[in-house]
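Structure first, commentary second.
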């Protein structure tokens, strides 16, 4: 008797491909790969995959790379963070043909892959890794400049997004050749004077998204920006800056049809921005083609702000309220506890992080109502002595929040810890709580190891050493641990015990106090000899710090 045919097997391949366009590669494989031979053939022949390797399991990564070939990928995200160390080098060393890749995102990279092989690349996003002061050297900066030179040689690249704020540095745009294909740029700058160099090498730029953090305003600046007439869309996020700088730049952008300005709250003079008449005069005077203008100003806590009702009323004029011909909006960004003296559009910032200073006392400032939708809870204790505060009653937290259903991550500051009983209480009331960060001293962790916490999957140990005395109990206390960050050990034997006993471990960051590996080959051979691991990749940050990504 023939087997019943799957309904999807009767659909034409074009319809199956239409369904695939709404799904990621991982979703396609999990949803269709094991159903029928016809669907597997569709998967093998589909050529527009969207792949995101960020925070992926090694086993999942291997499966995707086995089934999908590089020339089938249209959109790709590759990440080299502590959860997937060595991924970028592993992927690009094994794959060379990217004939259809149009959108690429590189996260936490230190060395660039060969981008010249990606001839169809239209959009490139680079999230640069924050480096310590010791690695912030000339050679490292030079590699980034050389990589930019190669990026500007990509003939089809239209969009370039450089998330370089963690670097705390500017690129040397003076060394770049002129490219007329780049139409969209996003970048962080420490001074707007670099814009003149950007416009020289990108004369056809249409959309510019700036994050600006300047530390001074003076007369030492370029006289002209030479803004191309093609620039019609401008977005500026002012993390810290001065009004005259913004004015000077906007006056040069005469062809704008879209302008979006976001003033963040870390400003030296906040009142300079709260002048609706000044904004109106600037827009009407220099931007005759502007059709859409969005202005958002995030206020500092109101008790610290010298603000009158008259200031905000300057945004209640016809210029801001009459949108028949042109669309303009003014938005005030507020903290949840603030209220305004006038009626205007507001954006209430809903933070998913709550920090609590313990213990509660007569000078503690309690919220007017308990906060909700918190995902990260940070418990602190500020003491002039070296004493550590021990949370022994869950009621101390319930004064600030009484709904733990959304809590994912608990962070214990260096001077704060929690009793095992209260921690288990919290785990019971917080079913999504799977992440724990412990920054206190080792003795506080030792007391927790007499209990088990199978709910915890992700653990960050900031100051704790896993010694031979506690390593077995540690593995028993966290039997389902998948991610172990900043784990300090005294010997390679301690590392061996952790790898062999944490059966679900996916990645680990190790700081080895007494032993170090001279090379990648030495560590690779040691792992294969002393552990069961066969499928892994790793990165030696230095002789004593190692990041390991495991197929478990």
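Numbering (my numbering), first residue to last: 1 to 552.
Note that CB positions come from ideal geometry on N, CA and C, so glycine has one too.
Start and end of the beta strand (DSSP E) containing residue i?
i           : result
residue 123 : 123-128
residue 109 : 103-109
residue 396 : Per DSSP, residue 396 belongs to no beta strand (DSSP E); it is in the alpha helix (DSSP H), 395-398.
residue 186 : 184-189
residue 375 : Careful: residue 375 lies outside any beta strand (DSSP E) and carries neither H nor E.
residue 213 : 207-213
Quick one: what does DSSP say residue i is sitting in, helix, strand or coil?
i           : result
residue 542 : coil
residue 280 : helix
residue 439 : coil
residue 74  : strand
residue 21  : coil
residue 40  : helix
residue 89  : helix
residue 100 : coil
residue 33  : coil
residue 153 : coil
residue 426 : helix
residue 530 : helix
residue 552 : coil
residue 507 : strand
residue 11  : coil
residue 197 : helix
residue 238 : strand
residue 50  : strand
residue 536 : strand
residue 6   : coil
residue 402 : coil
residue 520 : helix
residue 547 : strand
residue 176 : coil
residue 181 : coil
residue 268 : coil
residue 512 : strand
residue 314 : coil
residue 467 : coil
residue 55  : coil
Is it true that the CB of residue j sits closer than 8 Å to the CB of residue i?
i           : j           : result
residue 547 : residue 113 : no
residue 414 : residue 392 : no
residue 354 : residue 377 : yes
residue 270 : residue 192 : no
residue 159 : residue 184 : yes
residue 115 : residue 161 : no
residue 380 : residue 356 : yes
residue 212 : residue 238 : yes
residue 75  : residue 107 : no
residue 463 : residue 481 : no
residue 90  : residue 509 : no
residue 52  : residue 77  : yes
residue 552 : residue 505 : yes
residue 96  : residue 117 : yes
residue 473 : residue 449 : yes
residue 455 : residue 484 : no
residue 224 : residue 196 : yes
residue 388 : residue 417 : yes
Provide the residue(s) that pair with residue i in DSSP beta bridges, ordered along the chain.
i           : result
residue 416 : 389
residue 485 : 460
residue 163 : 127
residue 28  : DSSP output for residue 28 lists no bridge partner at all.
residue 298 : 333
residue 293 : 259, 328
residue 353 : 376
residue 411 : 378, 437
residue 233 : 207, 258
residue 79  : 107
For the alpha helix (DSSP H) containing residue i, list its first residue and its last residue.
i           : result
residue 319 : 318-321
residue 63  : 58-67
residue 494 : 492-501
residue 246 : 243-250
residue 472 : 471-477
Just checking, does the stretch 224-239 make contact with the stretch 257-269 on the three C-beta pairs under 8 Å criterion? yes
Could you say if the stretch 523-533 and the stretch 53-64 meet the contact criterion of at least three C-beta pairs nearer than 8 Å? no
Would you be able to state if there are at least three C-beta pairs under 8 Å between the stretch 400-412 and the stretch 420-436? yes
The stretch 95-110 in contact with the stretch 62-72 per 3-pair CB rule at 8 Å: yes
Taking contact to mean 3 or more Cβ pairs, one atom from each stretch, closer than 8 Å, check whether the stretch 487-494 and the stretch 40-48 are in contact. no
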